[in-house]
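Enquirer: When we follow my numbering, the leftmost residue of the sequence shown carries the number 641, and every step to the right adds one. Idealized CB from N, CA, C, for every residue including glycine. So that we are looking at the same thing, I have put the structure below in structure tokens.
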Amino acid sequence: MIPSLIDRNIYPSLSEEVYLNQASIGLIADPVVQAMHRFLDDSARHGNMKLTDEQEVALFNDLRNPAARLLRCKPDQLAITACASDILGQLPYWYNLHSEDEIILIESDFPAISRPWVALAEEDQPQICWVRDAPNKDLTEAIIRQISPQTRLILVGHVQYGTGSLVDVEALSAQARLAGADLIIDATQSAGVLEINGPTWQVSAVITSGYKWLGGHGGVAISYLSDALIQKTPVLAGWMGAPEPFEFDTQSARFAGPASKFTLSTMSYLSLTGLAAALEHTQSISATETTSHVLALRIYLENNIKDTGWSSFNTTSSSSPIVSLAHTSADAPNVYQALLDNGIHTSQRNGRLRISLAPFVNSSDIDRLVSVLSLYD
């Protein structure tokens, strides 16, 4: 028996159902829900009667410190935005690349990563080098092979949302530095499960949403930004990015210190409060423990689907929390529906079943999954 790492009782949804879909929208634990309710009931519903201007600004600091600990950076290197795209969408304008420059993207990565660059490439700058995430191939090596003297930027998801392929960030970062290229990592599918360390990785940015593996709700994202990126002027100059936002200076474009200047405006303070509570909860378990848990569950799953016609996309990414499964003949939509009918929640991505191995998952969950999958043997 592989037990969960977290008390499952704090997730009421798990009383009868199996949730293997944290990579889509994550379950929210009772302590996080309670923190959100307290904020809503004690402060938010009362307007400014219970929330002064100073307290509103302080809400960001309540999240900034635990978020900085998660990404292993200094608090003043931590940007808080309403979504990951608030940073991802500004990158093309910060880098100002030319037609002879190249950026490297993964062709099946999450669209939020690539769309800003695809839009820019339609104007003939810069050139995009697409890397294919092939089954049972080392994705990191495939990316490294595409690095050239023209490469200026590499932008990839740490864990691929559709396949679960895991990028070796340290190895890729070393090769990027040799080529004089920047590396930016989207950690939305790894933060909260795997070790994240922007400064040690020597990358330009690590960007993650808060509503998946981190256990928060939609409406807030966090990013580590290198000292070089922090010097960039926000393309989206929001009023909350001013040094003293409640001075309401309409005739100045001065910005707050370091990464605080990238916060745009009033955002979902309910989600911000929830993520702060979720990070305190998440960080009660070390990344080493969660990685080991994922590995044990993955091995257990792989062993139990042998000779059933099911196989995972990439057996080389053993510590990835996402497993992408396909069958030699079974139709993924039909199997997905059969799983739902049995109270097992997964997702479909790129014609395959996507399984999320979160800290609250145990081997009994895998047994229930396999009991349905084996019907298609």
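1) Thinking Asn661 and Thr986 are a contact (beta carbons under 8 Å), I'd like their distance in whole angstroms, please.
2) For Asp681, which residues does DSSP report across the bridge?
3) Starting from the C-beta of Ala759, find all residues in its chain whose C-beta is less than 6 Å away, skip the five residues before and the five after it, and write them out in chain order.
4) What's the gap between the Cα of Tyr864 and the Cα of Thr903?
5) Starting from Cys769, follow its DSSP beta bridges and name the residues at the other end.
6) Once you ignore the five residues that flank Pro999 on each side, which residues in its own chain have a CB closer than 7 Å to its CB?
7) Using only the alpha-carbon positions, how far apart do Asn649 and Ala868 sit?
8) With DSSP collapsed to three states, give me the class of Ile1006.
9) Return the residue from the list Tyr659, Asp670, Ile642, Val846 that minimises the CA-CA distance to Leu915.
10) Report buried or exposed for His738, applying the criterion of at least 16 other Cβ atoms within 10 angstroms of its Cβ.
11) Go through its chain and collect everything with a Cβ distance to Arg792's Cβ below 6 Å, but skip five positions before and after it.
12) If you count every other CB in all the chains shown that lies within 10 Å of the CB of Ile674, and 16 or more means buried, which is it?
13) Might you give, ordered along the chain, the residues of its own chain that have their beta carbon closer than 8 Å to the beta carbon of Ala724, omitting 5 neighbours on each side?
14) Just the C-alpha distance for His677 and Gly804, rounded to the nearest angstrom, thanks.
15) Could you tell me which uninterrupted alpha helix (DSSP H) segments, each at least 4 residues in length, are contained entirely in the region 864 to 929, listed from first to last along the chain?
16) Counting only the same chain and skipping the five closest in sequence on each side, list residues whose C-beta sits under 6 Å from that of Gly838.
17) When you compare the CB positions of Leu876 and Asp716, do they come within less than 8 Å of one another, or not?
18) Buried or exposed: which applies to Ala698, given that a residue is buried once 16 or more other Cβ atoms fall within 10 Å of its Cβ?
19) If you draw a straight line from the C-alpha of Glu747 to the C-alpha of Arg755, how long is it?
20) Among the candidates Ser1011, Ser900, Gly802, Pro874, whose CA atom is the shortest distance from the CA of Trp734?
21) Since I believe Tyr1016 is in contact with Val963 (beta carbons under 8 Å), could you give me their beta-carbon distance rounded to a whole number of angstroms?
22) Mind checking whether Val658 and Leu1009 have CB atoms under 8 Å apart?
23) Alpha carbons only, please: which of His857, Leu910, His798 is nearest the one belonging to Val621?
24) Can you tell me which of the three DSSP states Ala998 falls into?
25) Short of 6 Å in beta carbon distance, which residues of its chain neighbour Cys769, apart from the five on each side in sequence? Order them along the chain.
26) My output table needs one value for Ile720: the three-state DSSP class, helix, strand or coil.
27) Quick check on the burial criterion: 16 or more other C-beta atoms within 10 angstroms. Buried or exposed for Asp1005?
28) Is Gln730 helix, strand or coil by DSSP?
Expert: On the basis of the data shown:
1) 6 Å
2) Paired residue(s): none; Asp681 is not in a bridge.
3) The beta carbon of Ala759 sits closer than 6 Å to no other beta carbon from its chain once the five residues preceding and following it are set aside.
4) 13 Å
5) Ile744
6) Spatial neighbours of Pro999 in its own chain (CB-CB distance under 7 Å, excluding positions within 5 residues in sequence) are listed in chain order as Ser644, Leu645, Ile646, Ile925, Thr930, His933.
7) If I take the Cα positions, the gap works out to 44 Å.
8) helix
9) Asp670
10) exposed
11) Leu737, Asp741, Ala821
12) The amino acid occupying residue 674 in the given sequence is Gln; Ile does not appear at that position. So Gln674 counts as exposed.
13) Ala752, Asp826, Thr828, Ile847, Thr848, Ser849, Ala861, Ser863
14) Rounded to the nearest whole angstrom, the CA to CA distance from His677 to Gly804 is 34 Å.
15) 867 to 870, 909 to 922
16) Leu711, Cys713, Val846, Tyr864
17) no
18) With fewer than 16 other CB atoms across the displayed protein chains lying within 10 angstroms of its CB, Ala698 is exposed.
19) The straight-line gap from Cα to Cα measures roughly 11 Å.
20) Pro874
21) In fact, because the Cβ distance is near 16 Å, the residues do not count as touching under 8 Å.
22) yes
23) Any question about residue 621 goes unanswered here, given that the chain covers just 641 to 1017.
24) Coil.
25) Glu742, Ile744, Gln786
26) Here Ile720 sits in strand by DSSP.
27) buried
28) coil
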